[in-house]
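Please read the structure below before turning to the comments.
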Amino acid sequence: MIKECKITVLCENSVAGPFGLTGEHGWAAYVEADGLKILFDTGQGQGIIGNSLILGTDLREIDSIVLSHGHYDHTSGLPGVVQLRGPVPVFAHPDIFLERYWSRGQVRRHIGIRFTRAWLEALGCKFEFRSGFSEIYPGVFITGQVPRVTDFEPPDPDMKVPGDDGKHMVQDQLRDDLSMVVDTASGLFVILGCAHAGLVNILKWCSENLPGRPFHTVIGGTHLGFAKKEQFDKTLAALDEFEIKRLGASHCTGLENSSRLFCALGDRFFHASVGTVIGSND
1 MIKECKITVL CENSVAGPFG LTGEHGWAAY VEADGLKILF DTGQGQGIIG
51 NSLILGTDLR EIDSIVLSHG HYDHTSGLPG VVQLRGPVPV FAHPDIFLER
101 YWSRGQVRRH IGIRFTRAWL EALGCKFEFR SGFSEIYPGV FITGQVPRVT
151 DFEPPDPDMK VPGDDGKHMV QDQLRDDLSM VVDTASGLFV ILGCAHAGLV
201 NILKWCSENL PGRPFHTVIG GTHLGFAKKE QFDKTLAALD EFEIKRLGAS
251 HCTGLENSSR LFCALGDRFF HASVGTVIGS ND
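Under the working numbering, residues 1 to 282 are what the sequence shown spells out, in order.
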């Protein structure tokens, strides 16, 4: 069990904190856990290096990188970080390099990882692929593929991958969506990427694998900014069963639904903008 955990938000759509920080559509968090230093996601690459310097988080000291899933806004800072750090373990699901698109009507845009696996490995990425719930360090876990058990958290219909025939686009199930869990003396810290697997599905999976452990902090993108009203309302109702002490929504939650979360959760809610620092002793 981790005695002390601290999370510093390095990349997010909005900025809170010292002057000079850069916001971007993306997500990255610097996680410190009893001396371990883990970078969770890398944003789009526009702000992570500069923000890390301003916030006093030395990317040259990270022990590893965890990638939540294979989208450009979580992985495009990877080359810059690895060139700064040198060879480093990178934990991820084996599906991260799927060819991915956002597709609606006649509009299609590539949203997958912008770099080949071979080039990233040449830079120093030492990929360690995990499909299941795994302990990557004592007290630190990644969820791997999260079972979809709720009936109200469907995959985003605009996210597509090429079908087997190579001609038609089909639904991306985003099996690679994973979160990181730090089991602290104060309770579980769950760091989300985009929660494409569904926020409630993720929390249920954490409870199943770490039974009896309370939730202290859940932080990161919830993808609720793209949810229909029915999904949002059912998610909000289901959150009560987990008795989360603090929920720090960000990135793909959207301003409107972030406001609704604040109205529902009150002091238990915070917005995790760039510059946010939250710890297990707070």
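All C-beta atoms, glycine included, are put in the ideal place defined by N, C-alpha and C.
Status (buried if at least 16 other CB within 10 Å, exposed otherwise) for Trp119: What you label residue 119 is simply residue 119 of the sequence shown in a count that begins at 1. Trp119 is exposed by the Cβ-count criterion.
Buried or exposed: Gln44, going by 16 or more other Cβ atoms within 10 Å of its Cβ? Counted from its first residue, the sequence shown places residue 44 at position 44. Buried, because 16 or more other Cβ atoms sit within 10 Å of the Cβ of Gln44.
Of the choices Ile62, Tyr30, Tyr137 and Ala237, whose alpha-carbon is the least far from that of Thr150? Position 150 of the sequence shown, counting from 1, holds the residue named residue 150. Checked all of Ile62, Tyr30, Tyr137 and Ala237; the closest Cα to Thr150 is Ala237.
Leu19 burial status per 10 Å Cβ neighbour count (16 or more: buried): Taking the first residue of the sequence shown as position 1, residue 19 is located at position 19. In the sequence on display, residue 19 carries Phe and not Leu. So Phe19 ends up on the exposed side.
Tell me, please, whether the segment 116–130 touches the segment 72–86 by the rule of three or more beta-carbon pairs shorter than 8 Å. yes
Look at the alpha carbon of Ala185 and the alpha carbon of Gly105, and state the distance between them as a whole number of angstroms. One-based indexing of the sequence shown puts residue 185 at position 185. One-based indexing of the sequence shown puts residue 105 at position 105. So the alpha carbons of these two residues sit roughly 49 Å apart.
Are there 16 or more other CB atoms within 10 angstroms of the CB of Asp233, so buried, or fewer, so exposed? Indexing the sequence shown from 1 puts residue 233 at position 233. The C-beta of Asp233 has fewer than 16 other C-beta atoms within 10 Å across all chains shown, which makes the residue exposed.
Evaluate the contact criterion for the segment 243–260 versus the segment 218–231: three or more CB pairs, one atom per stretch, below 8 Å. yes
Need the endpoints of the beta strand (DSSP E) that Ser64 sits in, please. In the sequence shown, residue 64 corresponds to position 64, counting from 1. Ser64 -> beta strand (DSSP E) spans Ser64 to Val66.
For Phe115, does the three-state DSSP call read helix, strand or coil? For this step, residue 115 is matched to residue 115 along the sequence shown. Three-state DSSP puts Phe115 in coil, outside helix and strand.
Which class does Phe232 belong to by DSSP, given the choice of helix, strand or coil? As a first step, residue 232 must be located in the sequence shown, where it is residue number 232. DSSP places Phe232 in helix when its eight states are reduced to three.
Quick one: which unbroken beta strand (DSSP E) runs of 3-plus residues sit fully inside the segment 200–255? Chain order, please. 215–221 and 246–250
Would you kindly work out how many angstroms separate the C-alpha atoms of Lys52 and Asp165, rounded to a whole number? In the sequence shown, residue 52 corresponds to position 52, counting from 1. In the sequence shown, residue 165 corresponds to position 165, counting from 1. First, the residue type needs correcting, since residue 52 is Ser and not Lys in the sequence shown. Those two C-alpha atoms are separated by around 44 Å.
Buried or exposed: which applies to Gly83, given that a residue is buried once 16 or more other Cβ atoms fall within 10 Å of its Cβ? One-based indexing of the sequence shown puts residue 83 at position 83. Correcting the residue type first, residue 83 is Gln in the shown sequence and not Gly. It counts as exposed.
Give the secondary structure of Gln83 by DSSP, where H, G and I count as helix, E and B as strand, and everything else as coil. For the purposes of this step, residue 83 is taken as residue 83 along the sequence shown, with counting starting at 1. DSSP places Gln83 in helix when its eight states are reduced to three.
Ends of the beta strand (DSSP E) at Gly187? In the sequence shown, residue 187 corresponds to position 187, counting from 1. That run of the beta strand (DSSP E) goes Gly187 to Ile191.
Cα separation between Gln24 and Pro138? The sequence position of residue 24 within the sequence shown is 24, counting from 1. The sequence position of residue 138 within the sequence shown is 138, counting from 1. For the record, residue 24 in the displayed sequence is Glu; it is not Gln. Spanning the two alpha carbons is a distance of roughly 33 Å.
Report the rounded CA-to-CA distance for Asp282 versus Ala264, giving the unit in angstroms. What you label residue 282 is simply residue 282 of the sequence shown in a count that begins at 1. What you label residue 264 is simply residue 264 of the sequence shown in a count that begins at 1. Those two C-alpha atoms are separated by around 21 Å.
Within the segment 95–145, note down every full alpha helix (DSSP H) run reaching 4 residues or more, in order along the chain. 117–123
The alpha helix (DSSP H) enclosing Gly70, as first and last residue numbers: Counting from 1 along the sequence shown, the entry for residue 70 is found at position 70. Unbroken run through Gly70: none, as it is neither H nor E.
Own chain, CB closer than 8 Å to Met169, minus 5 neighbours either side, in chain order: Within the sequence shown, the letter at position 169 stands for residue 169. If we look at Met169 and ignore the five residues flanking it on each side, its Cβ neighbours are Tyr101, Ser103, Arg108, Lys160, Val161, Pro162 and Gly163.
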